[in-house]
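Q: Each residue of the sequence shown is one higher than the one before, counting from 4 in the numbering used here. Note that beta-carbon positions come from the ideal geometry of N, C-alpha and C, so glycine has one too. Predicted model, so just to flag it, every value in this text is computed and none were measured.
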Amino acid sequence: MLLHYSLRLRGKLVKKALYILTTTLLTSFTFAVFAGERVGDFALIDNQGTQHHMAWYDDQNAVVILPQAVGATDASVLSAFEGLRETYASQGVVFFLMNPGMETDREAVSQDLISLGVELPVLMDDAQLVTEALGVTRLDEAVVYNPKSFELIYRGPAGSELEAALQRTLDGSDNSLVTIATDGSEIKYTGAGADRVPSYVADVAPVIKENCANCHREGGIAPFAMDSKLALQGWSPMIREVVMTKRMPPGQIDTKASHKMKNQMNLSDAEMQTLVRWVNAGSPVDGDVDPLVGLQWPDTKWVISEELGEPDLIVKIPPQAVPATGVLDYRDIPIDLGLTEDRWVRASEVAPDKSDVLHHIIATVVPPEGKPDFVQAFGRALNSFPEERAAPIRAEVFAAMAAGKQPNIEKIFEENPELEQLALGQILGGQDDIPQFGGYAPGNAVSVAPEGAGGLLKAGTTLSLQMHYTTSGREVTDETEIGIYFYPDGEVPEERITGGVANDFDIEIPAFSKDHEMELVTYILNESDLYSLMPHMHFRGKRMKFFAEYPDGSEELLLSVPDYDFNWQLVH
């Protein structure tokens with residue numbers, strides 16, 4: 004089986020700013036937008052699984068959106084809309100259709116477009132919150148939106164009036180809102196909070212408790228606490244903004260396009276409706292008891308202790324002094340585990356001491372015989388090739404060595420990319436018996452194998468820790484610990500859990516490219532159960548998809564991360 008990683012890399016960095024929007028919720032729960040007022044930033048995933056964040060289009064002059072409904076889109080309105088697109092797309096105007104929660108099946112929406120001969124992306128507003136924010140109430144109402152200021156310029160029919168709004172936007176003559184009534188089919192708003200203001204006690208607080216408060220609490224990893232109604236009211240503009248832009252909860256995956264995963268982190272459509280519509284109503288509070296006050300959290304540093312108890316071995320990392328300011332180099336710290344006998348590992352966890360300065364830990368298990376050797380890894384990878392492919396590569400390597408030259412490994416890898424992945428996989432974590440050890444990054448500190456699977460720590464094994472700290476404005480000393488959970492003496496797990504890494508060390512993003520795609524491939528040689536996936540890129544990373552390509556040629560989407568965020572390194 005091949006595991007494909009489809010990555011998108013951005014050629015520019017987007018500054019995700021906070022925009023505070025004050026709104027008044029009308030009785031119909033759609034809110035009026037007045038000239039000079041912002042609608043706010045937002046993000047939606049389209050029918051093809053691509054996320055569109057309006058801030059990403061701040062280098063464009065306008066975004067134009069027209070509602071779409073399966074079997075009910077007015078053909079004449081759509082024709083006028085496409086005519087404008089042909090005229091203005093080259094002038095920095097982006098055109099979208101948007102399904103206002105009337106159909107959540109993306110395939111049905113795509114088939115409807117095919118039947119109409121239309122190739123526009125359709126933003127899927129399943130929760131209807133963006134449609135509400137834009138004030139759209141009928142299917143023939145188009146809007147013109149300024150992605151630089153997040154202001155609405157026009158709402159009305161998709162004809163000459165829309166073109167006039169585009170013209171004044173492009174020439175900068177007027178940015179006031181023009182609203183023109185239409186008579187198309189009415190959009191019915193449904194879901195949580197559509198017919199009444201959500202209750203803080205009964206509706207809002209449970210969503211915060213379930214999805215937010217574990218991080219947003221005193222001593223938690225988040226920068227502020229959501230531990231009372233007053234705190235929630237104070238932070239309510241930000242709550243609306245991060246929900247509308249899908250920035251929080253962090254590290255979201257596309258739950259409507261791939262396998263259901265643990266650690267999804269997403270809010271449901273109903274939960275998003277509850278929070279945003281409560282904020283739109285002015286964040287009212289009710290009841291005499293505040294459900295967020297006095298929440299109790301497990302009194303242990305080990306997250307998995309509730310499932311597995313306290314660790315069998317606690318590894319104390321030597322105290323690390325972190326200065327108040329400056330840019331710090333990575334630290335490579337060897338740790339002797341002190342093992343005098345072989346032990347099978349079920350789980351491990353990093354308990355950060357100073358989470359405000361500890362950026363990440365990469366833990367590498369070093370067996371007594373030492374780290375994997377590249378030449379040996381290359382040889383093992385080559386031996387796994389069919390002989391008709393391996394023989395000419397061996398001949399090329401031996402010929403170079405016989406001539407006293409270094410083999411052109413770069414050329415060999417370029418011609419045989421799967422060979423590079425197999426060799427690097429062994430070096431970067433693909434040895435069958437070595438356990439997958441828990442490293443650390445925000446949102447990722449635990450590694451637990453399923454019951455009956457694990458890896459072996461041989462007597463004399465050491466850990467090599469790559470530690471990265473960032474400064475916080477004050478001098479601190481970090482004393483992070485690693486907890487290890489063993490199988491009972493004499494119990495050998497039947498299955499091995501190991502891993503591999505797909506890497507590309509030759510990343511070249513063309514100048515001024517805004518959406519550059521790369522594809523990496525990892526080869527899985529044995530019959531295996533795929534247990535977890537960890538998307539990882541750096542600041543330029545935009546989105547990522549994982550596909551499995553099976554021996555029969557079929558392909559399956561496993562995981563989609565439509566808006567990758569380097570701040571969160573999550574395992575799904």
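Identify, in the order they occur along the chain, each residue of the same chain with its Cβ nearer than 6 Å to the Cβ of Lys-629, setting aside the five sequence neighbours on each side.
A: This structure does not reach residue 629, given that the chain is present from 4 up to 575, and the question cannot be answered.
Q: Would you say Gly-493 and Val-348 are within 7 Å of each other, going by their C-beta atoms?
A: Here residue 493 refers to the residue found at position 490 when the sequence shown is read from its first residue. Here residue 348 refers to the residue found at position 345 when the sequence shown is read from its first residue. No, Cβ-Cβ distance for Gly-493 and Val-348 is not below 7 Å.
Q: Using 7 Å as the threshold, is the C-beta distance between Ile-224 and Cys-218 below it?
A: The residue labelled residue 224 in the question sits at position 221 within the sequence shown. The residue labelled residue 218 in the question sits at position 215 within the sequence shown. Yes; because the gap between Cβ atoms is below 7 Å, this pair is in contact.
Q: Under 7 Å, do Thr-140 and Ile-190 count as touching if we go by C-beta distance?
A: Here the question's residue 140 lines up with position 137 in the sequence shown. Here the question's residue 190 lines up with position 187 in the sequence shown. Against a cut-off of 7 Å, the Cβ pair of Ile-190 and Thr-140 comes out as a contact.
Q: Can you check DSSP and say which residues form a bridge with Asp-345?
A: Within the sequence shown, residue 345 is the residue found at index 342, counting from 1. Asp-345 is not bridged to any residue.
Q: So, using beta-carbon positions, are Pro-337 and Ser-467 closer together than 7 Å?
A: Here residue 337 refers to the residue found at position 334 of the sequence shown. Here residue 467 refers to the residue found at position 464 of the sequence shown. Yes, Cβ-Cβ distance for Pro-337 and Ser-467 is below 7 Å.
Q: Between Ala-3 and Ile-365, what straight-line distance do the alpha-carbon atoms span, to the nearest angstrom?
A: Only positions 4 to 575 of the chain appear in this structure, which leaves residue 3 out of reach.
Q: How big is the Cα-Cα spacing for Gly-74 and Phe-99?
A: Here residue 74 is taken as the residue at index 71 of the sequence shown, counted from 1. Here residue 99 is taken as the residue at index 96 of the sequence shown, counted from 1. Computed Cα separation, rounded: 18 Å.
Q: If we ignore side chains and look at the alpha-carbon of each, how far apart do Glu-85 and Asp-77 end up?
A: As a working mapping, residue 85 is identified with position 82 in the sequence shown. As a working mapping, residue 77 is identified with position 74 in the sequence shown. In a straight line, the C-alpha of Glu-85 is about 12 Å away from that of Asp-77.
Q: Mind checking who Gln-299 pairs with in its DSSP beta bridge?
A: Within the sequence shown, the letter at position 296 stands for residue 299. BP columns for Gln-299 are empty, so no partner.
Q: Which value, in whole angstroms, describes the spacing of the CA atoms of Thr-465 and Val-369?
A: Within the sequence shown, residue 465 is the residue found at index 462, counting from 1. Within the sequence shown, residue 369 is the residue found at index 366, counting from 1. Whole-angstrom Cα-Cα distance: 5 Å.
Q: Mind checking who Tyr-148 pairs with in its DSSP beta bridge?
A: Counted from its first residue, the sequence shown places residue 148 at position 145. Beta-bridge pairing links Tyr-148 to Val-66 and Leu-155.
Q: Beta carbon of Val-325, beta carbon of Leu-132: below 7 Å?
A: Numbered from its first residue, the sequence shown carries residue 325 at position 322. Numbered from its first residue, the sequence shown carries residue 132 at position 129. No.
Q: Go ahead and pull the three-state DSSP assignment for Lys-319.
A: Within the sequence shown, residue 319 is the residue found at index 316, counting from 1. In this structure, Lys-319 counts as strand in the three-state DSSP scheme.
Q: Answer yes or no: do Leu-126 and Met-105 have a C-beta to C-beta separation smaller than 7 Å?
A: Residue mapping note: residue 126 aligns to position 123 of the sequence shown, counting from 1. Residue mapping note: residue 105 aligns to position 102 of the sequence shown, counting from 1. No, the pair does not count as a contact, with Cβ atoms beyond the cut-off.
Q: Measuring alpha carbon to alpha carbon, tell me which of Arg-171, Tyr-534 and Met-275 ends up nearest Ala-208.
A: Mapped onto the sequence shown, residue 208 falls at position 205. Cα-wise, what sits closest to Ala-208 is Met-275.
Q: If you compare alpha carbons, which of Ile-68, Asp-143 and Ala-46 is closest to Val-80?
A: Start at 1 with the first residue of the sequence shown, and residue 80 comes out as number 77. The residue with the shortest Cα to Cα distance from Val-80 is Asp-143.
Q: Report the residue ranges of all alpha helix (DSSP H) runs contained in full by the segment 92-141; include only those spanning at least 4 residues, in chain order.
A: The qualifying runs are 109-119 and 132-137.
Q: Which same chain residues, not among the five before or five after Ala-354, have their C-beta less than 7 Å away from its C-beta?
A: The sequence position of residue 354 within the sequence shown is 351, counting from 1. Result list for Ala-354: Lys-304, Trp-305, Thr-483, Glu-484 and Gly-486, in chain order.
Q: According to DSSP, is Ser-467 helix, strand or coil?
A: Here residue 467 corresponds to residue number 464 of the sequence shown, with the count starting at 1. Ser-467: strand per DSSP, three-state reduction.
Q: What's the C-alpha gap between Lys-265 and Asp-291?
A: Start at 1 with the first residue of the sequence shown, and residue 265 comes out as number 262. Start at 1 with the first residue of the sequence shown, and residue 291 comes out as number 288. Looking at the two C-alpha atoms, the distance is approximately 36 Å.
Q: Taking all protein chains shown into account, do 16 or more other C-beta atoms lie within 10 angstroms of the C-beta of Arg-546, making it buried, or fewer, making it exposed?
A: One-based indexing of the sequence shown puts residue 546 at position 543. Answer is buried; the Cβ neighbour count reaches 16.
Q: Under a three-way DSSP split, which group does Ala-406 fall into?
A: Position 403 of the sequence shown holds residue 406. Ala-406 falls in the coil class under three-state DSSP.
Q: Please report how far the alpha carbon of Leu-561 lies from the alpha carbon of Leu-536, in whole angstroms.
A: If you number the sequence shown from 1, residue 561 lands on position 558. If you number the sequence shown from 1, residue 536 lands on position 533. Rounded to whole angstroms, Leu-561 to Leu-536 spans 9 Å at the Cα level.
Q: List the endpoints of the continuous alpha helix (DSSP H) containing Asp-339.
A: Walking along the sequence shown from the start, residue 339 turns up at place 336. Note, Asp-339: premise wrong, no alpha helix (DSSP H); beta strand (DSSP E) at 334-339.
Q: Under a three-way DSSP split, which group does Ile-2 fall into?
A: Within the shown structure, residues of the chain are numbered from 4 to 575, placing residue 2 beyond reach of any answer.
Q: Terminal residues of the continuous alpha helix (DSSP H) containing Glu-511?
A: Numbered from its first residue, the sequence shown carries residue 511 at position 508. Segment: none, Glu-511 is in no alpha helix (DSSP H) and carries neither H nor E.
Q: Look at Leu-47 and Ala-161 and say whether their C-beta atoms are less than 7 Å apart.
A: As a working mapping, residue 47 is identified with position 44 in the sequence shown. As a working mapping, residue 161 is identified with position 158 in the sequence shown. Contact: no.
Q: Rounded to whole angstroms, what is the Cα-Cα separation between Ser-358 and Leu-298?
A: Taking the sequence shown and counting its residues from 1, one reaches residue 358 at position 355. Taking the sequence shown and counting its residues from 1, one reaches residue 298 at position 295. Their Cα atoms are separated by approximately 21 Å.
Q: Applying the criterion that 16 or more other CB atoms from any shown protein chain within 10 Å of the CB defines a buried residue, is Gly-441 buried or exposed?
A: By one-based count along the sequence shown, residue 441 stands at place 438. Classification of Gly-441: buried, given that the 10 Å Cβ count is 16 or more.
Q: Just to confirm, is the Cβ distance from Gln-63 to Gly-95 under 7 Å?
A: Counted from its first residue, the sequence shown places residue 63 at position 60. Counted from its first residue, the sequence shown places residue 95 at position 92. Contact: yes.
Q: Report the partner residues of Arg-588 according to the DSSP bridge assignment.
A: The structure shown does not extend to residue 588, since the chain is modelled only from 4 through 575, so no value can be given for it.
Q: Enumerate in chain order the residues of its own chain whose CB-to-CB distance from Gly-187 is below 6 Å, with the five nearest sequence positions on each side excluded.
A: As a working mapping, residue 187 is identified with position 184 in the sequence shown. For Gly-187, where only same-chain residues beyond five positions count, the Cβ hits under 6 Å are Arg-141, Leu-142 and Asp-143.
Q: Is the segment 113-129 touching the segment 148-160, taking contact as three or more C-beta pairs under 8 Å?
A: No: fewer than three Cβ pairs fall under 8 Å.
Q: Taking Cβ positions, are Ile-500 and Ala-452 nearer each other than 7 Å?
A: The sequence position of residue 500 within the sequence shown is 497, counting from 1. The sequence position of residue 452 within the sequence shown is 449, counting from 1. Yes, they are a contact pair.
Q: Just the C-alpha distance for Pro-445 and His-362, rounded to the nearest angstrom, thanks.
A: Taking the first residue of the sequence shown as 1, we reach residue 445 at position 442. Taking the first residue of the sequence shown as 1, we reach residue 362 at position 359. For Pro-445 and His-362, the distance between alpha carbons rounds to 7 Å.
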